[in-house]
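Okay, structure first, notes after.
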Amino acid sequence: MITTKRAKKNENLKVQYRGLYGVSNLPEANFNVMNTSQLLNYQRDVLPGDQFGDNLTEAEVVALSNSVNTNWADIIQQEGITESHQLVVTSGSENLSAYTSLQYFEQEGTTLGSKIQRFSVRNNLNGSFEKFNYSSNISVSYSKNNFVVDAVRGNNTGGQLDNPFIVPFLALPYLNPYNPDGSLNTFGTVQSGAFNPDGSINVSGANGFMNTPFIALNTARENTDQENEFRIVGSVRGDYNIIKNITIGATAGVDYIHSQDLFLETPFSIRGLATRDFLANEDFFGGTQFEASYRDFSFNTNSFVRYSNKFGEKHSITATGFTEYFYRNIQNSGFTQNGLNPKFIGSSQGFTDGQTLVDGQAVFAPTTFSSEIETSLLSYFGNLIYDYDGRYGLDLTLRRDGTSRFQRSRRWGTFFSVGGRWNINEESFMDDVDWVESLKLRASYGETGNQNVAGFYPGFQTIAGGTGFLNQNQLSVNNFVDENIQWETTKQFNVGIDFGLWDNKLTGAVDVYSKTTEDLFFNKNISSAGTGFSSVQTNVAEMDNKGVELQLSYDILRKTPTNPWKVNVFFNGAYNENEIVDIANNSGFVDSGGFGLRLQEGKRAFTYFLQRWAGVDPSNGQPLYLDAEGNLTTTLNRENEGVYLDKQFDPVFTGGFGLNVSWKQFTLSSLFSYAADTYRVNASLALIEDFDSAAFSNLSTTMFDVWQQPGDVASIPAPSQAGGLRITSSNQTDRYLEDASFLRLRNATLAYNISSETLDKIGFFNAIRIYTQGTNLITWSKWRGYDPEADEVGEFFSFPTPRTISFGVDLTF
């Protein structure tokens, strides 16, 4: 639900200042990596091959451990700072009210180089004149965002080596992050491979895995990944009572976004040097500049005619007819320039002498692109509301929607809903039931449509133009399509009850629903042979959902003239059970793009289909699995030996609860949220338990439980058996499939409102509120990773929700 702040009519001029200062920190992962001493000894005693630790004596290991033991999280990550300043002015007269706010927001992120600044202005106007009512809303904002790393947005050419959420776990602890003079080293060392023994730069080593932490530092300090965005959102609305009982009205709104992206990889950064090194010619300059201009314009209009009337003393009816149109246009253009002229860094000037050619083509010819997307939705719908004596109600809606996303024959969908209510507390037989304040029974059935499939043209074959081999012009197919894709339809039956008991000390609602989704959208995997595409957006399944939702609120104590306490507790919870009823293919299942997720007839949606991990063979250290029959085997074959596990991605239980307390001028509020019976693959842990990367990265301390000789009972296979172990284990077995259920203290706020007596003495303020607030303070979970709430099937060092402590003041003049 989106709410719009407005002033009240007949309200005097009021000015309010709201200030906030906050400090954010990243949570710690629920696993540890080795320190210098542990890793060097592990390299000597366990790892095969010629490791760095193999060349050190015991005394040298001790000396190095005492001198360098880097916690790279302390170097790459930082304390984030948030500041917000907002000025609000409200006023009102008999027929007009106005709300205006100005805000400046600045947040320095929890990783080096990340920062956002935003300035916004907002105005809401609400008025009436005889039979005419009107309102307007406008919001204008400008923001400047320096992103964490280019890898996060996919602009870079270096994969994940820049990612500051990976570096603290992969970076070798015996690498010194500081130069001899104490300054931060942003390039690397001989030990990390960035320099040769003679002191010259080793470009391939500098851009290598062992130099990962210095690449991240170099990227944060030398390169730029920035987005400047201007946005305006506005709407106007009016309605006019043309004759008795008949009102006409219309709403029009726009949402316009214009952003400028700049990705700059300087010629002398590690990435820039790697570009030059790739061309094997030191006369060439490296570096990359990417710029893009993005414009997103959407327009929405809604018009209606409404008839309202009351018949007799008990019957009332409201009938409304609507027409709605939505249009969206997206334009995107830009260029990529390689080989930057160091004299004009950031000006998009590439280094070209007019003669430097490779195979007859200019080496640094810029690549340009542009695209335009249009989409629209046209809707006609009507609504009829009937009420009898405040006791019984009926609500009918019928609509027809046409979308530009599908082929002409599949474009239109017709949907409806019908709902009824019974206000039981209004019945005469409830007059003597004093403890029931309100009691309402609801029931509804409806069919709704969804056209928001990934991509704007899922039903149309699109073509892209560009340059190909040797910069020759070419046309290419943009996507593989199913021309029969159509509306996803959901049919839902709901029964609910709302209640207020004991003077509304206890209020709540209970809803029971049954929902069937037909023609479920899904990105189905296909063979790339002959097409070059590995998936297609289509309608693949029918899914049933059944569940219960509960909301409760209870006032333990209420304020009275003799009692300064107010205590309220609340709870909301949901239980959902689903099943795939039908799959539109002969196999009865559809794979979901990795990590063993499937849609399978007769199973819960997004259930894991994996071969079961059975540990390590004590006799030889080999990995063990279970076949489909539950027998031990050393053969890994998910397709033939996998089973459907009673584990799924979507949580079965979700909800929250909290406490609100006030005493005199103090208030305390808290909110806990939870999710239960949900599973994800811990791909982060899989990486740092990978022997294949041990030569150039750190390892988890869980690797101490490794098999080394016959008879060892261990959780980690022998190093000689570990080749490719991470990939197969996280994608084909349930070894890293973990319970991601959690309970989180989402928010806690303690506030103090200055008393009116004190304010009278001050004589300048109408109200003062001082508060401190914490978000994401504590999380309880079995999940071994950064954040159990990350919305990824295979969680791989994704951005975790930070823990924030804020202090604020609200001043009203």
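Residue numbers (the working numbering): 2 to 814.
Positions of the beta carbon are idealized from the N, C-alpha and C atoms, including for glycine.
is_contact[residue i, chain D] using C-beta, thresh 7 Å
| i | result |
| --- | --- |
| T58 | Absence of chain D from the displayed structure is noted, only one protein chain being present. |
Strand pairing of residue i, partner residues [DSSP]
| i | result |
| --- | --- |
| T655 | A575, A676 |
| R599 | D592, T608 |
| D647 | D647 pairs with nothing; no bridge assigned. |
| N303 | T252, E325 |
| D262 | E228, A293 |
| A465 | S477 |
| E373 | Q332 |
| T319 | S309, I386 |
| N495 | S445, Y514 |
| I581 | M544 |
Whole-angstrom distance between residue j and residue i, CA atom to CA atom
| i | j | result |
| --- | --- | --- |
| I584 | G659 | 41 Å |
| L686 | T321 | 57 Å |
| K567 | V653 | 34 Å |
| A253 | W503 | 45 Å |
| G725 | V191 | Confidence at G725 is low in this model, with a pLDDT of 48, below 50, so the placement of that residue is unreliable and no value is reported for it. |
| L819 | P803 | In the structure displayed, the chain extends from 2 to 814; residue 819 sits before or after that span and is not available. |
| N1 | P49 | Because the chain in this structure spans residues 2 to 814, residue 1 falls outside the shown range and cannot be described. |
| N26 | G114 | 15 Å |
| G155 | N31 | Below a pLDDT of 50, predicted positions are generally treated as unreliable, and G155, at 45, falls in that range; no measurement from the model is reported. |
| V141 | P178 | 43 Å |
| I331 | L379 | 18 Å |
| K15 | A99 | 11 Å |
| A74 | D628 | 41 Å |
| F673 | G786 | 20 Å |
| Y257 | G200 | 53 Å |
| L646 | F610 | 6 Å |
| L442 | F291 | 59 Å |
| S756 | T83 | 29 Å |
| E758 | E314 | 49 Å |
| T187 | S193 | 12 Å |
| L385 | N246 | 14 Å |
| G383 | T398 | 6 Å |
| Y43 | F705 | 8 Å |
| D55 | D693 | 17 Å |
Buried or exposed by the 16-neighbour rule on C-beta atoms within 10 Å, applied to residue i
| i | result |
| --- | --- |
| T490 | buried |
| D182 | exposed |
| P198 | exposed |
| D814 | The amino acid at residue 814 is misidentified as Asp; the sequence shows Phe. Exposed, by the Cβ-count rule. |
| N557 | Note that residue 557 corresponds to Ile in the displayed sequence, not to Asn. So I557 counts as exposed. |
| P711 | exposed |
| Q733 | buried |
| S620 | exposed |
| W827 | The question about residue 827 has no answer here: the residues shown for the chain are numbered 2 through 814. |
| E796 | buried |
| M431 | exposed |
| E223 | buried |
| R409 | exposed |
| G110 | buried |
| I244 | exposed |
| I76 | buried |
| S721 | exposed |
CB of residue i within 7 Å of CB of residue j, strictly
| i | j | result |
| --- | --- | --- |
| F743 | A676 | yes |
| T415 | R401 | yes |
| G574 | G656 | yes |
| I486 | T539 | yes |
| N124 | T101 | yes |
| N146 | E228 | yes |
| N564 | Q666 | no |
| F323 | F305 | yes |
| T463 | N453 | no |
| N579 | R613 | no |
| G288 | G273 | yes |
| S236 | N333 | no |
| Y18 | L812 | yes |
**Message:** As an exercise, report each continuous beta strand (DSSP E) stretch of at least 3 residues that is fully enclosed by the region 678-759, in chain order.
**Reply:** The region 678-759 is shown to contain whole beta strand (DSSP E) runs of 3 or more residues at 680-683, 738-740, 743-754, in chain order.
**Request:** Enumerate, from N- to C-terminal direction, the unbroken alpha helix (DSSP H) stretches of 4 or more residues contained entirely within the region 82-169.
**Result:** As far as the region 82-169 is concerned, its whole alpha helix (DSSP H) runs of at least 4 residues are 151-154.
**Prompt:** Can you give, in chain order, each stretch of the beta strand (DSSP E) that sits fully within the region 193-230 and has at least 3 residues?
**Reply:** As far as the region 193-230 is concerned, it has no whole beta strand (DSSP E) run of at least 3 residues.
**alpha helix (DSSP H) segments (min. 4 residues) lying fully within the region 503-574** = With a minimum length of 4 residues, no continuous alpha helix (DSSP H) run stays inside the region 503-574.
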